[in-house]
Structures are given as C-alpha cells and as structure tokens.
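Numbering (my numbering), first residue to last: 6 to 322.
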C-alpha cells in the first residue's frame, strides 16, 4: 500500500491584479490632470481670488457671492448663444449623417467609390478649427470670394456683411461646426448600422416592409445606444465651443456679443486673472452639462426600457 504524501494541489494564478495594474495609469492620470483640477476649481469658486495689477487679492472665502453676481451678468445670454449655435449646426448634422450612413450601408444601392466619398466627408474633421475659421473669415468677408461670386451672378446688389449681422455670424459658426463634424458622425453611425443583423432586413422585406419602414422600425431602434452617445458627445462639444467663434470674431463675439459662448466668457475671466469668478463659471458649466446629458440620456432610453419591461411582462404571462 502506497503511503507517500498526497499530490499538492496546483496553485491557481490570479490574473485580476494584472488588470488593475494595466488600468492604473489611466486612473492616476485622470486623478492628477482632471479630478484634482476639477475639485480645485469648485473649491476656489467660493473664494474672492483675483489679481489687480501686481497685487493678488485673496483667496478670501465669500460663499455663494460669486454665483450671485454671476447670474446678474449676461451669462444666460451667452448660454443661449451657445445652445442656439450648437442646435443650428447639430440638427442638419445628425440628419445628413443618418442619410449618408443609410445610403453607404444599403446593399441594394451598391454605391460606387464609397471609399473616396467617405474620405472626402471625413477630411474637414482633420483640419484644425483655427485654420477652418480663418478660411471662412477670408471667404465670407465683405470683399471675399463669396460676395464677389454673388455680385457677379446678380444675386445681390451690394456685398452682404456676413460677419456684421446676427444671422450671418451665428449661421457661419453653426455651418462650420456642421462641416467639421458631420463626417465623423457619419462614420460612427455607419459602424452602428453595419452591426445590425442583416437577417432582420431580409425578414422585413419578405413581409413587404418598405425601406422607410425598415429604417424607422428596425435601424433607428437598434442603433439608439449609438445615437444617445452621439447626442451626448455633441452636446458636450457644443457647450465647450470656443475656437471657431473666438477666431472668427477676434474674441469679441460680434455683433453685439451674439456669438459669445460660455467658454469665451470664461476665457475673459481667466485672462483677467479673476480665478474666483472663473471657477464659478466652470462649475455652472459643469452642472449644466451634467444635467443636460442626463436629460438626453433618460429621454432617449426611456422608450427602450419601457419596451423591454413590456416584453418581460408578456413573457411571464
């Protein structure tokens, strides 16, 4: 009878620690470069802290005084400017992107030279916003090529002052944002549509569904998570709108500050070294961004959640 020692159980290797090891750099960088500055910004928003000449005033704790004085300024107007220019640029952006994505992914159309068109529509996204703004400033100036072309065609009798009218200035900012981002949105939505099971379209086609019915009843519901992502990221980018109106209007937001955004207003306080008011503006912007993003998220996902609950209830019965 064998009386040797029993064989030792093999020691299981734990790979969880390696996962934490590889994601640790991200969390460290996030804490150092984003979380700590964010907390510092919120902290200093409750203080009087600015530079007057060579003398630094504060930091002196003033509670909510910065916020109270902030809402007595034109901040609501600048928020309205930002949201209006974002909406005017985003609505045609999402409409054109959905249309192009549906065309490019439609197997029955079999569009030729798709790679060329995809490259062309994405190229404006690669151009720096500063260069894009300078280009549009030259094109739409009073003596620019656009006015010269319209005059030669007889469409107008005198140069139209695009940058000196509210509609023209806001329209140019929205148009530039549309051109810079609709290509990127198209690529994202194409990837979402290509992830839909083709069998669903084949079954719907056999049942006699039209292309419009398949688009609204199959495509849109199944790519809703990507649409929510697109809405939220575009909203965050819209609230952070700065470089295009800053360069196009030389930082003045003309005419009559109709193109001044919240970040331009924040930049003015940072330039004047008023750190307390700048912190208050940043905190308000953070709260507004969070509230609007949550509103969009729950608004666009509520119908989907309700449908899932209804299906689960039907299955129990």
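Glycine included, each C-beta is placed from N, C-alpha and C at the ideal position.
For a test of the three-state rule: what should DSSP assign to residue i, helix, strand or coil?
i           : result
residue 65  : strand
residue 129 : helix
residue 157 : helix
residue 44  : helix
residue 99  : helix
residue 83  : helix
residue 20  : coil
residue 34  : helix
residue 143 : helix
residue 254 : coil
residue 248 : helix
residue 112 : coil
residue 265 : coil
residue 218 : helix
residue 165 : coil
residue 71  : helix
residue 187 : helix
residue 228 : coil
residue 306 : helix
residue 259 : coil
residue 122 : helix
residue 117 : coil
residue 213 : coil
residue 170 : coil
residue 149 : coil
residue 76  : coil
residue 50  : coil
Check the DSSP bridge columns for residue i and list the partner residues they point to.
i           : result
residue 279 : 55
residue 60  : 57
Near residue i, what residues of its chain come up, given a Cβ to Cβ distance below 8 angstroms and the 5 sequence neighbours on each side ignored?
i           : result
residue 294 : 240, 241 and 244
residue 177 : 141, 145, 167, 168 and 253
residue 112 : 203
residue 158 : none
residue 233 : 301, 302, 305 and 306
residue 114 : 108
residue 325 : What is shown of the chain runs 6 to 322, which leaves residue 325 out entirely.
To the nearest angstrom, how far is it from the Cα of residue i to the Cα of residue j?
i           : j           : result
residue 385 : residue 90  : Limits of the chain in this structure are 6 at one end and 322 at the other, which puts residue 385 out of reach.
residue 25  : residue 36  : 15 angstroms
residue 61  : residue 39  : 25 angstroms
residue 21  : residue 28  : 11 angstroms
residue 307 : residue 227 : 14 angstroms
residue 121 : residue 128 : 11 angstroms
residue 146 : residue 168 : 7 angstroms
residue 98  : residue 220 : 18 angstroms
residue 150 : residue 78  : 39 angstroms
residue 118 : residue 297 : 39 angstroms
residue 246 : residue 212 : 47 angstroms
residue 32  : residue 148 : 52 angstroms
residue 238 : residue 288 : 19 angstroms
residue 261 : residue 81  : 15 angstroms
residue 207 : residue 225 : 16 angstroms
residue 277 : residue 248 : 19 angstroms
residue 275 : residue 41  : 18 angstroms
residue 44  : residue 291 : 12 angstroms
residue 271 : residue 210 : 54 angstroms
residue 57  : residue 163 : 47 angstroms
residue 123 : residue 103 : 14 angstroms
residue 161 : residue 230 : 46 angstroms
residue 46  : residue 273 : 16 angstroms
residue 256 : residue 137 : 16 angstroms
residue 66  : residue 259 : 35 angstroms
residue 34  : residue 165 : 49 angstroms
Among residues of its own chain, excluding the 5 on either side of residue i, which ones have a beta-carbon nearer than 7 angstroms to its beta-carbon?
i           : result
residue 68  : 51
residue 49  : 64, 280, 281 and 284
residue 205 : 223
Whose C-beta lies closer than 6 angstroms to the C-beta of residue i among residues of the same chain, with five residues either side of it excluded?
i           : result
residue 116 : none
residue 94  : 179, 182 and 183
residue 236 : 301
residue 54  : 63, 64, 280 and 281
residue 201 : 227
residue 101 : 187
residue 96  : none
residue 199 : 110
Cβ pair count under 8 angstroms reaching 3, the segment 69-78 against the segment 250-259: The segment 69-78 vs the segment 250-259: no contact.
Between the segment 148-157 and the segment 171-186, can you find at least three pairs of beta-carbon atoms closer than 8 angstroms? No: the two stretches stay apart, fewer than three of their Cβ pairs being nearer than 8 angstroms.
On the three-pair Cβ rule with 8 angstroms, is the segment 98-107 touching the segment 188-195? Verdict: yes, contact present.
Three CB pairs or more closer than 8 angstroms across the segment 281-291 and the segment 215-227: The answer is no - the segment 215-227 does not touch the segment 281-291, with fewer than three Cβ pairs under 8 angstroms.
Hey, is the segment 128-140 in contact with the segment 174-187, meaning 3+ C-beta pairs nearer than 8 angstroms? By the Cβ criterion, the segment 128-140 is in contact with the segment 174-187, since at least three pairs of Cβ atoms, one from each stretch, lie closer than 8 angstroms.
May I ask you to verify whether the segment 261-277 touches the segment 78-90, counting CB pairs closer than 8 angstroms and requiring at least 3? Yes, the segment 261-277 touches the segment 78-90.
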